[in-house]
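Enquirer:
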Amino acid sequence: MSKAALITGGGKRLGKAISLSLAERGYDIAIHYNHSDKEAKETADLILEKGRQCEIFQSNLSDIKQVRTLLPRVFEVFPQCSILVNSASIFENIGFNNVTEEIFERDFNTNFKAPFFLSQDFSKGDDAELIINMLDMRINKIETEHFTYNLTKKALRDFTLMAAKALGPKIRVNGICPGPILPPPDKDIKYLEQIAKNTPLQKPGNPDYIITAVKYLLDNSFVTGQCLFVDGGQHLI
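Structural data, given as structure tokens:
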């Protein structure tokens, strides 16, 4: 039976790149999406063309009741699922004084509680081996823009370390902290290049750098509890 992986937000941006990369490595792919059904279907078609199986699964990660049904549905199709990549998140520039209870709950449910409980459900799978949490280089900084987003990623970083200790030796848990890899949906490459000028390596990245990090975490079975910064050194400034 082929190996399989679940990637949340796996139909677009970095999630899409990870889905395609794992398919090329021989994994069947479960793509989670919320509203991006078109992108999820297009990515699934690309995976099917590579000769791998792929199914898409809709779930609103801000609704924890829906979250708790996602892994059981995935295990029905891919009982051999051995990798979970928590990639989906909400990224909005909301300052401290503009955070409402609704925004706070939505962001923490999607960016932290969903990965937490998905990891819990995933850990019960017979073949579960690796969890990768997509973090952000901002976890190493104190920034007040994107207030709740930054808080959720800091919480997810600590969860990554605690889960690595709690789930060993069966399951390894690691994080990847991207920097200037892709511009926000409302920006272009010039925006990314401008940000990258202030980093030690003075150049923007691209999804291939994230894929290289994913492959490293796949191949090195002696690594757990690590958060890899793939950001051109942006976390140092």
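The sequence shown: position 90 = 90 (my numbering), numbered continuously. Ideal Cβ placement from N, Cα and C applies to all residues, glycine included. Since we're looking at a predicted model, the values are computed, not measured.
Just the Cα atoms here: how many angstroms apart are Tyr149 and Lys113?
Expert: Along the sequence shown, one-based indexing puts residue 149 at 149. Along the sequence shown, one-based indexing puts residue 113 at 113. Their backbone Cα atoms lie some 13 Å apart in a straight line.
Enquirer: Less than 8 Å between the CB atoms is what I'm expecting for Ser221 and Leu167, so what's the real figure, rounded?
Expert: Taking the sequence shown and counting its residues from 1, the one referred to as residue 221 is at position 221. Taking the sequence shown and counting its residues from 1, the one referred to as residue 167 is at position 167. About 14 Å; that fails the 8 Å criterion.
Enquirer: Check whether the Cβ atoms of Met137 and Gly175 lie closer than 9 Å to each other.
Expert: If you number the sequence shown from 1, residue 137 lands on position 137. If you number the sequence shown from 1, residue 175 lands on position 175. Against a cut-off of 9 Å, the Cβ pair of Gly175 and Met137 comes out as no contact.
Enquirer: Taking the straight line between their C-alpha atoms, what separation do you get for Asn97 and Leu151?
Expert: Start at 1 with the first residue of the sequence shown, and residue 97 comes out as number 97. Start at 1 with the first residue of the sequence shown, and residue 151 comes out as number 151. Rounded to whole angstroms, Asn97 to Leu151 spans 14 Å at the Cα level.
Enquirer: According to DSSP, is Asn198 helix, strand or coil?
Expert: As a working note, residue 198 is residue 198 in the sequence shown. Asn198 falls in the coil class under three-state DSSP.
Enquirer: Starting from Ser82, trace the beta strand (DSSP E) in both directions and tell me its first and last residue.
Expert: To locate residue 82, count along the sequence shown from 1; it is residue 82. Here the beta strand (DSSP E) through Ser82 covers 81-86.
Enquirer: Count the C-beta pairs between the region 203-214 and the region 151-161 that are closer than 8 Å, then say yes if the count reaches three, no if not.
Expert: Judged by Cβ distances under 8 Å, the region 203-214 makes no contact with the region 151-161, as fewer than three pairs qualify.
Enquirer: So Gly26 packs on Ser19, CB below 8 Å; how close in whole Å?
Expert: Here residue 26 is taken as the residue at index 26 of the sequence shown, counted from 1. Here residue 19 is taken as the residue at index 19 of the sequence shown, counted from 1. Not quite, the Cβ-Cβ distance comes to about 13 Å (not below 8 Å), so this is no contact.
Enquirer: Using the three-state DSSP reduction, which class does Pro183 fall into: helix, strand or coil?
Expert: What you label residue 183 is simply residue 183 of the sequence shown in a count that begins at 1. Pro183 falls in the coil class under three-state DSSP.
Enquirer: For Phe229, write down the residues that DSSP places opposite it in a beta bridge.
Expert: Here residue 229 refers to the residue found at position 229 of the sequence shown. For Phe229, which the question treats as bridged, DSSP gives the partners Cys177.
Enquirer: Where DSSP assigns a beta bridge to Met137, which residues make up the other side?
Expert: Position 137 of the sequence shown, counted from the start, is the residue given in the question as residue 137. According to DSSP, which records beta bridges pairwise, Met137 is partnered with nothing at all.
Enquirer: What does the alpha-carbon distance come out to for the pair Ser2 and Glu145?
Expert: Taking the first residue of the sequence shown as position 1, residue 2 is located at position 2. Taking the first residue of the sequence shown as position 1, residue 145 is located at position 145. Roughly 43 Å between the two C-alpha positions.
Enquirer: Considering just the uninterrupted stretch of the beta strand (DSSP E) at Ala4, what are its terminal residues?
Expert: Along the sequence shown, read from residue 1 onward, the residue named residue 4 stands at position 4. Note, Ala4: beta strand (DSSP E), 4-7.
Enquirer: Can you tell me which residues form a DSSP beta bridge with Gln58?
Expert: Here the question's residue 58 lines up with position 58 in the sequence shown. Answer is Tyr33, bridged to Gln58.
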